[in-house]
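Written below as structure tokens is the structure these notes are about.
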Amino acid sequence: MHMHHEHHSHKSATPIEELVALMKYMVGHNAEHTHELEHLALDIKDAGNEEVYAEVMAAVENYHKGNDILAEALSKLA
């Protein structure tokens with residue numbers, strides 16, 4: 724797992740502000756990776772492997788569901 728912490732402000736953030744910022748980053752980061760997996764799945768399909776395509780797309784669906792849960796948690800945190 725890799726994490727990148729970026730601070731866009733010069734003032735001190737409260738612990739909850741830092742958590743919200745990290746959650747926002749993670750939700751966006753996860754969405755980017757999910758999008759990349761969708762493209763990978765399509766490449767697999769184009770290569771002629773429908774079975775693996777279906778498996779990767781099932782994983783993509785689970786990634787979307789998990790990220791939706793994280794986004795909902797973020798909305799409650801923010």
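Residue numbers (the numbering used here): 724 to 801. For every residue, glycine included, the Cβ atom is placed at its ideal position computed from N, Cα and C. All values derive from a computational prediction rather than experimental measurement.
- Look at the beta carbons and you see the region 769 to 777 not touching the region 730 to 750: under three pairs across the two are nearer than 8 Å.
- Rounded to the nearest angstrom, the Cβ distance from N790 to A754 is 6 Å, consistent with a contact under 8 Å.
- Leaving aside the five residues that flank I767 on each side, the residues in its chain whose CB is nearer than 7 Å to its CB run, in chain order, V775, Y776 and V779.
- In this structure, the alpha-carbon of A764 lies about 26 Å from that of K747.
- Boundaries of the alpha helix (DSSP H) harbouring S798: E773 to L800, taken from the DSSP string.
- Between L745 and L800 the beta-carbon gap is near 10 Å, outside 8 Å, which marks them as no contact.
- Excluding residues up to 5 positions away in sequence, V750 lie with their Cβ nearer than 7 Å to the Cβ of A794 in the same chain.
- Selection T737, N772, H787 and A770 evaluated against E759 yields H787 as nearest (Cα-Cα).
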